[in-house]
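Here is the structure:
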């Protein structure tokens, strides 16, 4: 894929996520999970029972869910925390409140996102 096409696709995904992040009615959010796109997006809102979909390059990135703001802020994860590494991960969030996700490889570079389930 050419750099222009990849950049354009990432911009479209990012814009759609920004619009979804302001709407409490969002039931599905798809994130092109990479260190350049996601560093600009820090949090999104999702309706209870909604799905967040992470799409990323397998073996280069992963999705690690951590259990609190402190671990999110410090990029601290434990292997007992929820972990996905398929490259296309659909995660349903049924519990209201904040959910914290990061890439265990790229978190210190800002590859993390908070999801507020309402």
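In mature numbering (1 follows the signal peptide of the UniProt record, and there is no 0), the protein residues as written are -23 to -1, 1 to 95. Cβ atoms here follow ideal geometry from the backbone N, Cα and C, with glycine treated the same way. Note that the structure is a prediction, hence the values are computed from the model and not measured.
Beta-carbon proximity of residue i to residue j, cut-off 7 Å
i, j, result
"residue 40", "residue 65", "no"
"residue 70", "residue 18", "no"
"residue 94", "residue 29", "no"
"residue 52", "residue 85", "yes"
"residue 148", "residue 20", "What is shown of the chain runs -23 to 95, which leaves residue 148 out entirely."
"residue 49", "residue 82", "no"
"residue 80", "residue 47", "no"
"residue 57", "residue 25", "no"
Sheet register partners of residue i (DSSP bridge)
i, result
"residue 66", "31"
"residue 89", "79"
"residue 94", "23, 74"
Selection from the options that minimises the alpha carbon distance to residue i
i, options, result
"residue 60", "47, 73, 43", "43"
"residue 34", "92, 94, 9", "9"
"residue 5", "45, 68, 54", "68"
Please list the segments of the alpha helix (DSSP H) lying wholly inside the segment 8 to 56, counting only runs of 4 or more residues, in order along the chain. 46 to 51
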